[in-house]
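Undergrad: Residue numbers for the sequence shown follow the working numbering, so the first one is 5 and each next one is one higher.
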Amino acid sequence: MGLLVGDNLWPVVIFTAIFLLLLDLMHRRKFWTARYPPGPVPLPGLGNLLQVDYENMPYSFYKLRQRYGDVFSLQMAWKPVIVINGLKAVRELLVTCGDDTADRPEMPIYNHLGYGHKSKGVILAPYGPEWREQRRFSVSTLRDFGLGRKSLEQWVTEEAGHLCDAFIQEAERPFEPSPLLSKAVANVIASLVYAQRFDYEDPFFNWMLKTLKESFGEDTGFVAEVLNALPILLHIPGLPHRAFPKLSSFIGSLDKMLIEHKTSWDPAQPPRDLTDAFLAEVEKAKGNPESSFNDENLRVVVADLFMAGMVTTSTTLSWALLLMILHPDVQRRVQQEIDEVIGQTRHPEMADQTRMPYTNAVIHEVQRFADIIPTNVPHMTSRDIELQGFHIPKGTTLIPNLSSVLKDETVWEKPFQFHPEHFLDAQGHFVKHEAFMPFSAGRRICLGEPLARMELFLFFTCLLQRFSFSVPDGQPRPSDQSNFALPVTPKPYQLCVAVR
């Protein structure tokens with residue numbers, strides 16, 4: 005009887021397999037044109053999911069680019085993806101075709117975490133009126149609270165003082181600098197978003213930052229890609245939170261802070277921070293169903309600014325100190341310029357930057373070499389477009405490979421080495437190349453770029469003004485190789501500080 009049941013199941017299995025195969029072929033049919041970008045042959049049902057190394061995606065794309073060219077296609081299960089490489093093609097995508105490529109593909113994992121496409125926010129939101137409204141609000145509010153003004157510069161300078169004090173406490177022994185750098189940058193963002201600064205020893209603060217660090221890579225690996233490609237799996241009860249435990253916990257900690265903050269909000273008083281300003285807009289929008297100002301979007305905007313603003317800058321600073329201990333000649337030359345322009349007693353100011361071409365070049369080269377967001381956040385075509393002679397249909401996911409621009413072998417003299425002279429001319433003047441786009445470009449360029457540039461300059465110069473950094477005695481020279489995630493972090497390392 006059991007054998008008979010098994011035999012009777014075979015026709016069903018075969019029919020189901022053939023049906024899924026035909027469905028897969030029909031889904032891909034619209035992309036089979038002579039002018040669709042080339043790419044590796046996809047497997048039925050899975051596409052190219054098994055042909056991409058999620059532990060080192062930039063290298064996977066590098067190898068595929070060598071074979072298929074600057075614009076190539078992938079099939080991630082049933083989702084068509086186009087990867088764009090090189091300065092010319094990426095600029096055409098993000099700038100020339102910017103209006104038609106600024107949309108975002110839906111990323112189901114964030115919907116099920118309560119953060120993403122269904123809430124408009126800034127980073128993952130679809131390109132449209134709600135996104136424009138939220139971006140305008142974020143940019144104008146950050147400006148009102150000091151972006152580009154002296155007040156924010158004072159906040160960063162004050163936090164740099166706290167960071168230096170923390171470094172002094174570690175001066176007697178080797179230590180890992182990343183946790184302290186994260187605390188300093190997180191406090192700048194917390195001041196803007198919550199009007200709050202945390203003590204570096206605060207248990208909740210430390211738990212929150214540790215959880216965030218441990219979440220790196222949860223939403224960019226193979227499991228995340230499979231769940232985004234096959235979102236039906238996300239309906240399994242509890243799966244999203246089991247698949248992304250640290251990310252879920254971190255978002256929960258931001259929600260806790262937001263709830264506590266809202267209880268102290270007084271609409272009759274001037275806004276203390278971005279959250280107060282958003283709550284005021286929510287009040288104004290009551291009764292307007294078209295408005296994007298609501299409680300759901302508030303938590304998304306706060307998470308966007310806190311996560312993106314804190315993680316990218318602190319990671320870049322961690323790379324900066326690593327590269328200083330690996331290149332002591334560069335460190336000494338930066339310190340010489342600091343001594344000549346600023347001296348040892350005055351705090352660095354943003355006005356000093358234009359008189360410090362070498363330091364400016366070093367900071368830019370750290371960003372280029374570290375390449376911490378190599379594949380950008382995916383874009384999507386909102387209509388059929390032509391790109392580099394290829395036809396790309398509406399609804400196609402686009403991956404601008406920023407790593408291919410920041411390390412373009414036709415642009416940079418030493419693309420895979422740390423070389424500050426990339427940003428200096430023959431006379432030693434600072435020169436910014438159009439291939440420098442760590443903040444992306446076009447409509448979706450990072451709205452926090454001015455803040456990040458301010459933090460990088462002030463934190464970096466304050467630290468090198470006060471300290472010299474070196475590899476601890478008896479320890480091997482650290483590696484300048486990275487751990488791939490978003491962001492791309494340096495491998496764990498320790499350093500020693502000596503007060504200058």
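Built from N, CA and C at the ideal position, the CB exists for glycine as well.
Check whether the region 383-402 touches the region 335-352, taking contact to mean three or more Cβ pairs, one atom from each stretch, closer than 8 Å.
TA: Because the criterion of three Cβ pairs below 8 Å is not met, the region 383-402 and the region 335-352 do not touch.
Undergrad: Can you tell me which of the three DSSP states Ser386 falls into?
TA: Coil at Ser386, not helix or strand.
Undergrad: Look at the Cβ atom of Met80, then the Cβ atom of Leu53, and state whether they are nearer than 7 Å.
TA: Yes, the Cβ-Cβ distance between Met80 and Leu53 is below 7 Å.
Undergrad: So what's His395 in DSSP terms, helix, strand or just coil?
TA: It is a strand residue.
Undergrad: In chain order, what residues of the same chain have a beta carbon less than 8 Å from the beta carbon of Lys83, not counting five sequence neighbours either side?
TA: Gly51, Pro109, Asn232, Ala233, Thr401.
Undergrad: What does a CB cutoff of less than 6 Å around Thr317 pick up in its chain, not counting 5 residues either side in sequence?
TA: Result list for Thr317: Val189, Ala456, Glu459, in chain order.
Undergrad: Three or more beta-carbon pairs under 8 Å between the region 428-444 and the region 347-363, yes or no?
TA: Enough Cβ pairs lie closer than 8 Å, so yes.
Undergrad: Under the three-state reduction of DSSP, which class applies to Lys290: helix, strand or coil?
TA: Reduced to three states, the DSSP call for Lys290 is coil.
Undergrad: Mapping the DSSP letters down to three states, classify Ala194 as helix, strand or coil.
TA: Looking at Ala194 - three-state DSSP - the assignment turns out to be helix.
Undergrad: Can you tell me which residues form a DSSP beta bridge with Gln79?
TA: According to DSSP, which records beta bridges pairwise, Gln79 is partnered with Pro84.
Undergrad: Under the three-state reduction of DSSP, which class applies to Gln498: helix, strand or coil?
TA: Of the three classes helix, strand and coil, the one that applies to Gln498 here is coil, per DSSP.
Undergrad: How would you write the range of the alpha helix (DSSP H) that Ser474 sits in, first residue to last?
TA: Looking at the DSSP string, Ser474 is not in any alpha helix (DSSP H); the run it does join, the beta strand (DSSP E), is 471-474.
Undergrad: List the residues that DSSP assigns as beta-bridge partners of Asp107.
TA: Answer is Met384, bridged to Asp107.
Undergrad: Looking at the structure shown, is Gly102 part of a helix, part of a strand, or coil, going by DSSP?
TA: Note: Gly102 maps to helix in three-state DSSP.
Undergrad: So is Leu211 buried or exposed if we call it buried at 16+ other beta carbons inside 10 Å?
TA: Reading the sequence as shown, one finds Trp at residue 211 and not Leu. Exposed, by the Cβ-count rule.
Undergrad: Please state if the CB of Thr145 and the CB of Leu278 are separated by a distance shorter than 7 Å.
TA: Closer than 7 Å, so yes.
Undergrad: Pop quiz: Ala307 and Phe297 are said to be a contact at Cβ under 8 Å. What is the actual Cβ separation, rounded to whole angstroms?
TA: Incorrect: roughly 16 Å between the Cβ atoms, too far for contact.
Undergrad: Quick one: is Thr493 buried, meaning 16 or more other Cβ sit within 10 Å of its Cβ, or exposed?
TA: Its Cβ being crowded by 16 or more others within 10 Å, Thr493 is buried.
Undergrad: Could you tell me which of Leu47, Glu59, Ser486, Leu91 sits nearest to Leu326, measuring between CA atoms?
TA: Ranking Leu47, Glu59, Ser486, Leu91 by Cα distance to Leu326 puts Ser486 first.
Undergrad: Helix or strand or just coil, what does DSSP make of Thr279?
TA: Of the three classes helix, strand and coil, the one that applies to Thr279 here is helix, per DSSP.
Undergrad: Where Thr100 and Ser444 are concerned, what is the direct C-alpha to C-alpha distance, given to the nearest angstrom?
TA: The alpha-carbon atoms of Thr100 and Ser444 are separated by roughly 14 Å.
Undergrad: Can you name the residues that DSSP bridges to Pro178?
TA: Looking at the DSSP assignment, Pro178 forms no beta bridge with any residue, so it has no partner.
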